[in-house]
């Protein structure tokens, strides 16, 4: 999903209580307890995503906590600020406090930094937001988010096959996430007979995108694909419009964020994005989740909310099956098949990623509207 934040604000801690039910022969008995740690960048450059994830996790905790005659689980939520260093320090504190599993981190760099320590400690991570490559995926790292590369390939197929566009220029951040996502998109475009007519790479922290936008306009492409994060992504989109680009704009999964729409405003109208969660999906379990979330928080849940909700739920399921030990939970996650989540049925593949379809959304009137499921 996203990188580390440049914010230096202090973190916060929230403790919630939830209950898990339906214990099998190796699961927890009533009145026993288990502790999950949660790492989200509450004070960061991606405030809406972090807040949504926190709210989704809290909703799941409260729902499971409403059940009777079941073990209790303490949910410890800390602000990692999107920083790999802070996330690593907080994870070490979690390990000292004998947490059984961790929801998070939300961002790519933080998740990649924590993963080796999780492997050494034998503690499972279930990230609701990281979409890049993470060490030990499928062993100690699982995700309810979809890999960025698979989302980019689906988007390329839609643009070339359905929208019938042939020439596309690419602007991407030069980190691992931006590079791998752009490469996956470009390769799929080429496989389908399209052409990448220009590629421009920017750095984390860049604020002036005039030359990138001017170059993209000069390429004469029908579309521009932007692989990056909401802060720079919003500036790129605005600058493209200011420099006269009138073609289709396409964004990577990290741009599917309320932050992007709020920052880019009217310039984001028409932007195409991969959608890992569709709030308008008619499936009963999706609508039940959307209804509960909307009533509680007064807004429609996004994919970060749904993925964090599912992360807590699937961990509770693992505890019911295998008990509270970190090793038991990790083993149970490796065997998860067709778990009924808000994002769809979750089956973790050998890389710890969920196997589920990707929709395509478009920004219209400041909101995300699904154009293809």
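Numbering (my numbering), first residue to last: 2 to 374. Virtual Cβ for every residue (Gly too), placed ideally from N, Cα, C. None of the values given here were measured: they were computed from a predicted structure.
Closer than 9 Å to chain C by CB, residue i
i	result
residue 60	No chain C is present in this structure, which holds just one protein chain.
DSSP-derived helix/strand/coil call for residue i
i	result
residue 305	helix
residue 334	helix
residue 215	helix
residue 275	strand
residue 326	coil
residue 363	strand
residue 249	strand
residue 292	helix
residue 357	coil
residue 349	strand
residue 280	coil
residue 373	strand
residue 268	helix
residue 319	helix
residue 312	helix
residue 255	helix
Between the CA atoms of residue j and residue i - distance to the nearest angstrom
i	j	result
residue 388	residue 85	For residue 388 there is no data in the structure shown, the boundaries of the chain being 2 and 374.
residue 360	residue 243	29 Å
residue 153	residue 182	6 Å
residue 118	residue 353	17 Å
residue 36	residue 327	10 Å
residue 228	residue 34	42 Å
residue 339	residue 348	5 Å
residue 237	residue 192	27 Å
residue 377	residue 103	This structure cannot settle anything about residue 377, because the visible part of the chain is limited to 2 through 374.
residue 138	residue 79	23 Å
residue 166	residue 292	37 Å
residue 314	residue 241	41 Å
residue 281	residue 329	36 Å
residue 140	residue 217	41 Å
residue 332	residue 186	34 Å
residue 111	residue 132	12 Å
residue 45	residue 51	8 Å
residue 343	residue 49	19 Å
residue 325	residue 200	49 Å
residue 283	residue 209	42 Å
residue 109	residue 296	31 Å
residue 121	residue 188	36 Å
residue 180	residue 134	11 Å
residue 212	residue 366	28 Å
residue 146	residue 308	6 Å
residue 174	residue 226	11 Å
Assigned exposure category for residue i - 16 Cβ within 10 Å defines buried
i	result
residue 253	buried
residue 341	exposed
residue 130	buried
residue 204	exposed
residue 100	buried
residue 285	exposed
residue 302	buried
residue 94	exposed
residue 214	buried
residue 268	buried
residue 1	For residue 1 there is no data in the structure shown, the boundaries of the chain being 2 and 374.
residue 98	exposed
residue 322	buried
Whole-number beta carbon distance between residue j and residue i, since they are thought to touch under 8 Å
i	j	result
residue 276	residue 362	4 Å
residue 39	residue 105	6 Å
residue 83	residue 47	7 Å
residue 271	residue 364	7 Å
residue 169	residue 195	6 Å
residue 155	residue 190	Not quite, the Cβ-Cβ distance comes to about 12 Å (not below 8 Å), so this is no contact.
residue 223	residue 248	5 Å
residue 305	residue 54	4 Å
residue 58	residue 310	7 Å
residue 235	residue 273	At roughly 16 Å, the Cβ-Cβ gap does not stay under 8 Å, so residue 235 and residue 273 are not in contact.
residue 374	residue 279	7 Å
residue 96	residue 115	Wrong, their Cβ atoms sit about 10 Å apart, outside the cutoff.
residue 312	residue 127	4 Å
Minimum length 3: unbroken beta strand (DSSP E) runs contained in the stretch 37-115: 73-80, 102-104
Those runs of the beta strand (DSSP E) which lie wholly inside the stretch 104-188 and span at least 3 residues: 125-128, 142-144, 168-174
Any beta strand (DSSP E) of 3 or more consecutive residues that is wholly inside the stretch 188-242: 196-203, 224-228
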